[in-house]
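Beneath this line is the structure, given in structure tokens, with notes to follow.
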Amino acid sequence: MKQLTNLSYSLTLLITLVLNVNCKEKTEKKMKEEPIKTATIERSEYGTTTDGKKVALFTLKNKGGIEVEIITYGGRITSLKSPDKEGNLKNVVLGFDNLAQYEEDNPYFGALIGRYGNRIAKGKFTIGDKEYQLAQNNGDNNLHGGLKGFDKQVWDAEISEGETSVSLILSYTSQDMEEGFPGTLETKVTYTLNDHDSLDVLYEATTDKATVVNLTQHAYFNLSGDFSKPILDHIVEIDADHYLPVDSGLIPTGELASVEGTPFDFRQPKMVGQDISVENEQLKLGGGFDHCWVLNNQSKGYREVASAYEPASGRYLEVFTDEPGIQFYTGNFLDGTLPAPTGNYEQRSGLCLETQHYPDSPNQSDFPSVLLEPGEKYMTKTSFKLSTK
Ligand code: BGC
């Protein structure tokens with residue numbers, strides 16, 4: 065009997081041991097398979113375009129409470145919520161609440177811009193001995209890729225999830241001669257939200273014929289989160305000793321003008337409203353700031369180039385890029401006709417910091433080249449980092 069009891073005791077011990085080991089293994093496996101994720105991405109349906117294409121909405125969230133919404137129509141950031149210094153979450157980018165509104169002609173709210181962000185004089189350029197004519201959709205000039213640029217295309221989407229970051233990978237193939245541009249352009253834009261409260265935008269493209277490319281992001285920021293308030297109280301800094309003066313069609317004259325002693329000097333943080341109304345020919349032409357700044361330290365590649373700060377909320381936006389230029393646009397053409405969450409978007413209700421090559425580069429041989437040849441890869445990165453102070 066005693067022997068039996070001993071045997072059953074040993075058996076119980078063995079089973080418990082085996083079970084324990086098994087259980088521990090499972091827990092370890094579980095820990096390996098399912099790490100604690102601090103960033104998430106979710107997909108939902110957003111709507112259908114007038115030509116019948118389905119548009120999806122992706123919501124990216126991180127540990128710090130940042131929430132970004134991006135739709136596949138134009139790869140547009142439709143909302144970017146970030147906490148103020150008291151932790152109150154508010155959307156800080158201008159947008160609409162439905163697809164139909166985005167499809168109507170609008171000022172490129174939150175959109176990816178291509179193939180050529182900004183203006184090309186007379187919509188014309190030559191590569192080798194071939195001349196190309198684009199749409200003249202902005203006076204005599206081509207603006208933001210033409211009549212149906214990347215902002216109006218429905219992009220394919222894939223997601224990628226890390227432990228502390230999530231990515232939305234958007235791709236779009238622009239056909240040879242689409243909007244008048246040569247070459248089939250395979251384009252990929254990856255939005256990554258990470259736990260350092262940075263939204264990174266990585267642009268990649270390849271072509272099968274020599275072409276010109278200049279991609280950018282057209283978010284309008286109002287860091288107060290109150291779009292009925294103009295951005296004139298935002299404090300902006302741009303690391304640039306020079307800017308590009310423009311003609312009446314906002315095409316750079318070719319001169320790299322010093323910012324010293326002009327309203328264009330943002331080398332020290334300065335309130336947007338401080339000089340925007342001073343008597344100045346260039347401000348008159350742009351209706352405010354609507355110019356490309358020639359960024360310093362171009363040889364350094366990816367670096368911090370600009371920032372905006374809204375003192376009341378404490379929200380602080382830093383912009384990093386490897387691009388040579390930044391178009392600082394103060395929403396001068398917003399005219400109170402487009403619906404905002406309350407009322408309409410009035411002039412200067414948002415500001416854009418569009419990292420890019422210089423406008424009209426295809427026609428200005430002294431500017432850094434925007435030519436992309438077959439076999440080369442276009443690759444450029446910009447980050448928007450949010451914090452408070
Ligand atoms: C340009 C403005 C233009 C706006 C359109 C900006 O990138 O610099 O001149 O009006 O885009 O929304």
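Following my numbering, the numbering of the sequence shown begins with 65 at its first residue and continues without gaps.
Glycine included, every Cβ here is placed at the ideal spot set by N, Cα and C.
Between the beta-carbon of residue 128 and that of residue 259 there is about 7 Å, and that keeps the pair under the 8 Å contact cut. The beta carbon of residue 382 is closer than 7 Å to those of 368, 371 and 449 in its chain, skipping five residues each way along the sequence.
Counted as a single uninterrupted DSSP element, the stretch harbouring residue 428 is not any beta strand (DSSP E), since DSSP gives it neither H nor E. Following the DSSP letters along the chain, one finds residue 404 in no alpha helix (DSSP H), marked with neither H nor E.
For secondary structure counted as the beta strand (DSSP E) over 3 or more consecutive residues, the segment 283-371 holds these complete runs in sequence order: 299-302, 306-308 and 354-358. Note on geometry: alpha-carbon atoms of residue 232 and residue 196 lie some 33 Å from one another.
At least one heavy atom of the ligand BGC falls within 6 Å of the beta-carbon of residue 391. Ranked by Cα distance from residue 99, the options 225, 400, 275 and 340 are led by 225.
Closest by C-alpha distance to residue 110, out of 161, 405, 131 and 145, is 161. The straight-line gap separating the alpha-carbon atoms of residue 107 and residue 397 is approximately 33 Å.
Its chain contains 183 as the residues whose beta carbon lies nearer than 7 Å to that of residue 202, once the 5 sequence neighbours on both sides are disregarded; these appear in chain order. When DSSP states are grouped into helix, strand and coil, residue 215 belongs to the helix group.
Look at residue 172 here: in three-state DSSP terms it is coil, with no helix or strand label. With a cutoff of 6 Å, residue 316 does not count as near the ligand BGC, since its C-beta is closer than that to no heavy atom of the ligand.
At a cut-off of 6 Å, the beta-carbon of residue 354 counts as near the ligand BGC: some heavy atom of the ligand is closer than that. In the DSSP assignment, residue 167 falls within the unbroken alpha helix (DSSP H) covering 163-167. The ligand BGC has no heavy atom closer than 6 Å to the beta-carbon of residue 99. For residue 376, the number of other beta carbons within 10 angstroms of its own is below 16, and it is reported as exposed. Collapsing the DSSP output to three states places residue 117 in coil. Bounds of the beta strand (DSSP E) holding residue 154 are 153-155. In the three-state reduction of the DSSP assignment, residue 111 falls in the strand class, which pools E and B. It is roughly 16 Å from the alpha-carbon of residue 286 to the alpha-carbon of residue 140. Not one heavy atom of the ligand BGC falls within 6 Å of the beta-carbon of residue 409. Between the ligand BGC and the CB of residue 431, the shortest heavy atom gap is not smaller than 6 Å. Here residue 301 is near residue 330, since their CB atoms are less than 7 Å apart. Pairing residue 310 with residue 359 gives a Cβ-Cβ distance that is not under 7 Å. When the beta-carbon positions are compared, residue 394 and residue 412 come within less than 7 Å of each other. Note that the segment 199-217 touches the segment 131-145; at least 3 beta-carbon pairs, one per stretch, sit closer than 8 Å. Relative to the Cα of residue 335, the nearest Cα in the group 178, 240, 122 and 297 belongs to 297. When distances are taken from the beta-carbon of residue 166 to the heavy atoms of the ligand BGC, even the shortest one reaches 6 Å or more. Remark: the shortest separation between the CB of residue 267 and any heavy atom of the ligand BGC does not fall under 6 Å. Relative to the ligand BGC, the beta carbon of residue 172 is positioned inside 6 Å of a heavy atom. By the Cβ rule, the segment 141-161 counts as touching the segment 115-132, because three or more pairs are nearer than 8 Å. For residue 361, the closest alpha carbon among the candidates 134, 414, 288 and 305 is that of 305. Leaving aside the five residues that flank residue 333 on each side, the residues in its chain whose CB is nearer than 6 Å to its CB run, in chain order, 299 and 301.
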